[in-house]
Amino acid sequence: MKKLFSLFLAVALVGCILSFAGAALAADKIGVSMPTQSLQRWNQDGANMKSLLEAAGYEVDLQFGGNNEVPVQVSQLENMISGGCKVLVVAAIDGSSLTTVLADAKAQGIQVIAYDRLIMNTDAVSYYATFDNFRVGVLQGTFIRDQLKLDSASGPFNIELFTGDPGDNNIIFFFDGALSILKPYIDSGKLVVKSGQVERAQAATPNWSTESAQTRMENLITSQGYGPNGTKLDAVLSSNDSVANGITNALVGAGYTAANFPLLTGQDCDVTSMKNILAGTQSMSIFKDTRTLAAQVVTMVDAIMKGSAPEINDTKTYDNGTGVIPSFLCEPVFCTKDNYRALLIDSGYYTEAQLTQ
336 MKKLFSLFLA VALVGCILSF AGAALAADKI GVSMPTQSLQ RWNQDGANMK
386 SLLEAAGYEV DLQFGGNNEV PVQVSQLENM ISGGCKVLVV AAIDGSSLTT
436 VLADAKAQGI QVIAYDRLIM NTDAVSYYAT FDNFRVGVLQ GTFIRDQLKL
486 DSASGPFNIE LFTGDPGDNN IIFFFDGALS ILKPYIDSGK LVVKSGQVER
536 AQAATPNWST ESAQTRMENL ITSQGYGPNG TKLDAVLSSN DSVANGITNA
586 LVGAGYTAAN FPLLTGQDCD VTSMKNILAG TQSMSIFKDT RTLAAQVVTM
636 VDAIMKGSAP EINDTKTYDN GTGVIPSFLC EPVFCTKDNY RALLIDSGYY
686 TEAQLTQ
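Under the numbering used here, read the sequence shown as residues 336 to 692, first letter to last.
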């Protein structure tokens with residue numbers, strides 16, 4: 336009987352040890368909320384983040400908000416909060432739509448990192464990780480200025496302006512950055528926006544939609560008489576690649592070819608746009624290496640989980656309506672057919688086959 340009791344006690348003790356060990360080994364869960372799987376860049380961002388967080392020892396709940404569907408993203412965040420996530424990394428579909436759900440996160444002590452899109456009007460956001468979005472616009476505007484030789488050529492040159500979704504706070508920085516370079520030439524008459532659509536709201540593209548951008552460009556072609564044999568269009572400012580793709584579709588449909596294509600900017604170096612750049616129907620795209628941004632966010636998450644302050648490099652720029660959010664800004668660069676190989680192929684971001692097939 337004594338031996339049987341000892342054996343029972345030993346088994347129970349081992350069970351307790353294993354139970355405690357299992358609890359100790361259980362990984363902390365991090366929630367990652369991306370806006371959609373319909374754009375290549377968000378798939379890459381999500382995959383990069385998940386891979387790096389898991390390599391750092393965390394369990395990851397990665398969710399995509401349908402096709403940019405706010406109610407879907409809100410529901411997913413609710414599940415992450417109730418599911419025990421310790422930190423939320425959120426790329427918001429609509430920067431002003433998450434106030435209530437993130438208030439619940441704050442009430443439970445869950446810290447929130449806004450990812451590449453500032454979440455507005457909530458004090459639940461602890462940190463913001465993004466690229467220098469004003470710099471993105473400056474690079475696009477500078478490219479147009481330099482390619483048209485606006486400081487030496489007589490002009491005038493015709494340009495039209497496109498930016499992204501009005502619910503995305505980033506368009507303020509993209510558009511204002513570009514206009515910080517281009518507006519003096521618009522004011523002097525060297526650059527002419529024939530449509531008169533020079534305000535951010537007039538240039539906005541709901542949901543960054545390729546189809547909406549194509550429709551608007553088609554309307555501009557018709558109303559302003561742009562075409563290879565009509566009114567010359569020298570440049571189109573586009574804040575990102577999904578919008579640029581719609582513009583390209585409209586211009587190709589109007590008869591433009593690589594030989595006479597207007598200057599066209601973009602952002603994200605999506606595969607379709609890179610193929611267009613190599614074909615001569617898009618001029619440049621801003622390369623924001625999402626591997627760099629994802630790696631920075633992982634270090635921020637790790638610091639939070641270890642009880643220390645994450646590295647930040649901006650404490651002045653990004654006010655979400657409740658105060659300035661401590662931020663880390665990564666540096667964007669511009670990509671053209673002249674430097675794409677070093678930026679994208681040699682770095683392993685893409686394979687040659689992805690851009691040539």
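Beta carbons: idealized from backbone N, C-alpha and C, even for Gly.
Next item on the list: Let me know the secondary structure DSSP gives F596 once reduced to three states.
Entry: coil
Checklist line | CB contact flag (T652, S662, <8 Å) | finding: yes
Notebook entry, point to check: Between which two residues does the alpha helix (DSSP H) carrying E413 extend?
Noted result: 405-417
Margin query: At the level of alpha carbons, what is the spacing between L679 and S577?
Written below: 18 Å
Item checked: Ranges of the alpha helix (DSSP H) found wholly within the segment 415-458, counting only runs of at least 4 -> 434-442
Checklist line | Among A427, C670, L526, the one whose alpha carbon lies nearest that of D624 | finding: C670
Item checked: Beta bridge counterpart(s) of A464 as assigned by DSSP -> Y450, F663
Next item on the list: State buried or exposed for Q549, treating a residue as buried only when at least 16 other CB atoms are found within 10 Å of its CB.
Entry: buried
Next item on the list: Quick one: grab the DSSP three-state call for M369.
Entry: strand
Check: Which of the three DSSP states, helix, strand or coil, is assigned to N505?
Finding: helix
Check: Looking only at C-alpha atoms, which of S431, D429, S461, L453 sits nearest to A440?
Finding: S461
Margin query: Quick check on the DSSP output: what are the complete alpha helix (DSSP H) runs of length 4 or more inside the segment 513-566, in order along the chain?
Written below: 535-538, 545-559
Check: In terms of DSSP beta bridges, what is K277 paired with?
Finding: No information on residue 277 is available, as it lies outside the stretch 336 to 692 that the chain covers here.
Note to self: Residues in the same chain with beta-carbon distance under 8 Å from K337, minus the five sequence neighbours each way, listed in chain order, please.
What the structure shows: Low confidence applies here, because K337 scores a pLDDT of 43, under 50, leaving its location unreliable and the question unanswered by this model.
Next item on the list: Name the residue from F509, I506, D481 whose alpha carbon lies nearest to the alpha carbon of Y520.
Entry: D481
Checklist line | Proximity winner among D605, R626, D569, T607, relative to L599 (alpha-carbon distances) | finding: D569
Check: When burial is assigned at 16 or more other CB atoms within 10 Å of the CB, is E534 buried or exposed?
Finding: exposed
Next item on the list: Please list, in chain order, all residues of the same chain as I647 whose beta carbon is under 8 Å from its beta carbon, the five residues on each side excluded.
Entry: Y462, P661, S662, F663
Item checked: D396: first and last residue of the uninterrupted alpha helix (DSSP H) it sits in -> Looking at the DSSP string, D396 is not in any alpha helix (DSSP H); the run it does join, the beta strand (DSSP E), is 394-399.
Next item on the list: Return the Cβ separation of I445 and C420 in integer angstroms, given the expectation that the two are a contact with Cβ distance under 8 Å.
Entry: 6 Å
Next item on the list: Would you tell me roughly how many angstroms separate the C-alpha atoms of E729 and Q631, rounded to the nearest one?
Entry: Residue 729 lies beyond the stretch modelled for the chain, which goes from 336 to 692, so this question has no answer here.
Margin query: Could you check whether the segment 363-375 touches the segment 390-407, counting it as contact only if at least three pairs of C-beta atoms, one from each stretch, sit closer than 8 Å?
Written below: yes
Item checked: Residue span of the alpha helix (DSSP H) that contains I621, given as start and end -> Per DSSP, I621 belongs to no alpha helix (DSSP H); it is in the beta strand (DSSP E), 620-622.
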